[in-house]
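J.: Input: one structure, supplied below.
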Amino acid sequence: MRIGKQDNAHTAIATSDAETITVRGLDLCNELIGQIGFTDYFWLLVIGKRPSDAQRQILDACLVAIAEHGLVPSVQAARMTLAAGPEAWQGAVAAGLLGMGSVVAGSSESAGRYLARIISEADANETTIEDAAISSLKRLKASREKVAGLGHPQHSAGDPRANRLLELSDSLGISGRHVETLRTLAKHAPVIMERPLPINVSGAIPAVMLDAGWPLEALKAVPLLARTAGLAAHLYEESLRSIGFIMSHHADLAITYDGPQASRAADKNKGR
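Below you can see the structure in the form of structure tokens.
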């Protein structure tokens with residue numbers, strides 16, 4: 003069965019023959035291995051050209067910022083999976099990555115799309131980013147929706163990772179309309195939404211990456227790659243001193259059953 007378009011059978015990423023492996027037009031063995039750092043290579047793979055010094059530094063900083071943040075849900079899922087199947091590292095990594103959605107870690111994509119939408123609305127309506135941001139916040143308030151990229155349950159006074167990324171972006175000359183939009187949202191959101199809403203790391207990452215020239219469609223790749231490194235650390239530790247079953251047990255103790263109770267007659271019959 004044919005599904006989707008069938009007239010674009012091409013790739014510009016890699017090819018190989020009996021003697022060579024070519025990646026983005028470069029010889030893997032002679033021009034890349036031992037001659038390019040992984041952050042540069044990641045940029046090259048996704049975009050097709052090497053990053054500038056500033057682009058490399060901001061991508062590197064984003065990867066470092068989001069790689070590790072303790073026993074978050076994705077890490078717990080991965081560690082409990084490895085505890086249940088010690089041979090299945092690939093399954094445990096997959097379990098952790100599958101939990102990176104619109105609420106945890108994968109929220110960078112949602113925030114990036116929100117920033118891009120505000121900029122697009124400002125351009126379409128020939129208004130300022132501030133006017134577009136205020137209008138958007140008021141709509142979110144009316145519909146009782148969250149503001150993507152703002153707020154943090156633990157870092158309520160301000161996410162230190164976000165602050166550092168924005169400072170670095172400023173110093174590298176990267177900060178542009180996306181960073182401006184994020185800061186404008188942070189300026190007006192607490193008043194309009196009537197609660198503290200500092201910029202979080204999931205808002206800072208897309209703002210600085212989009213201003214650096216990273217494509218909106220590939221935003222989710224940044225936290226996915228970063229968290230894979232963090233998961234590797236947790237899974238190695240899990241293989242040495244397991245806490246997966248301890249976490250599972252404590253989760254069981256923390257949850258109270260409030261469903262219907264079995265009848266005593268049924269309990270007595272089970273004992274016979």
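If you want the numbering used here, it's the 1-based position in the sequence shown plus 2. For every residue, glycine included, the Cβ atom is placed at its ideal position computed from N, Cα and C.
(1) Within the same chain, show all residues whose beta-carbon is closer than 8 Å to that of residue 18, passing over the 5 residues directly before and after it, in chain order.
(2) With a cut-off of 8 Å on the beta carbons, I'd call residue 212 and residue 114 a contact; round off their distance for me.
(3) Roughly how many angstroms lie between the CA atoms of residue 100 and residue 86, to the nearest whole one?
(4) Check this for me: beta carbons of residue 135 and residue 120, under 7 Å apart or not?
(5) Using a 10 Å radius around the Cβ and a threshold of 16 neighbouring Cβ atoms, would you call residue 53 buried or exposed?
(6) For residue 19, which beta-bridge partners are listed by DSSP?
(7) Going straight from the alpha carbon of residue 200 to that of residue 153, what length do you get?
(8) Using three-state DSSP, classify residue 13 as helix, strand or coil.
(9) Between residue 245 and residue 73, what straight-line distance do the alpha-carbon atoms span, to the nearest angstrom?
(10) Restricting to Cα atoms, I'd like to know which of 75, 8, 167 and 70 is closest to residue 102.
(11) Could you check whether residue 35 and residue 110 sit closer than 7 Å to each other, using their CB atoms as the reference points?
(12) Determine the extent of the alpha helix (DSSP H) in which residue 140 is found, giving its start and end residues.
(13) Output the boundary residues of the alpha helix (DSSP H) element that contains residue 74.
(14) How long is the line joining the alpha carbons of residue 187 and residue 132, rounded to whole angstroms?
(15) What three-state label does DSSP hand residue 24 in the structure shown?
(16) Which residues does DSSP list as the beta-bridge partners of residue 29?
(17) For residue 56 and residue 176, which I take to be in contact (beta-carbon distance under 8 Å), what is that distance rounded to the nearest angstrom?
(18) Would you identify the three-state DSSP class for residue 201, choosing helix, strand or coil?
(19) What is the rounded straight-line gap between the Cα of residue 1 and the Cα of residue 27?
(20) Would you list the one or two residues that DSSP bridges to residue 221?
(21) Measure the CB-CB distance between residue 95 and residue 233 and report whether it falls below 7 Å.
(22) When you compare only the Cα positions, how much space is there between residue 254 and residue 79?
(23) If residue 228 sits next to residue 60, beta carbons under 8 Å apart, how far is it from one beta carbon to the other, in whole angstroms?
(24) Could you name the residues of the same chain whose beta carbon sits closer than 6 Å to that of residue 163, not counting the 5 residues immediately before and after it, in chain order?
(25) For the candidate residues 82, 9, 51 and 39, whose alpha-carbon lies nearest to that of residue 251?
(26) For the alpha helix (DSSP H) containing residue 259, name the first residue and the last one.
T.: Short version:
(1) Spatial neighbours of residue 18 in its own chain (CB-CB distance under 8 Å, excluding positions within 5 residues in sequence) are listed in chain order as 24.
(2) 6 Å
(3) 17 Å
(4) yes
(5) buried
(6) Answer is none; residue 19 lacks a bridge partner.
(7) 5 Å
(8) DSSP places residue 13 in coil when its eight states are reduced to three.
(9) Roughly 11 Å between the two C-alpha positions.
(10) Ranking 75, 8, 167 and 70 by Cα distance to residue 102 puts 75 first.
(11) no
(12) 131–144
(13) Neither: residue 74 is in no alpha helix (DSSP H) and is coded neither H nor E.
(14) 8 Å
(15) strand
(16) 24
(17) About 6 Å separates the beta carbons of residue 56 and residue 176, which is inside the 8 Å limit, making them a contact pair.
(18) strand
(19) Because the chain spans 3 through 274 in this model, residue 1 falls outside it and cannot be assessed.
(20) Residue 221 is not bridged to any residue.
(21) yes
(22) 14 Å
(23) Here residue 228 is actually not in contact with residue 60; their C-beta atoms are around 13 Å apart, not less than 8 Å.
(24) 67 and 203
(25) 82
(26) No alpha helix (DSSP H) holds residue 259; DSSP gives it neither H nor E.
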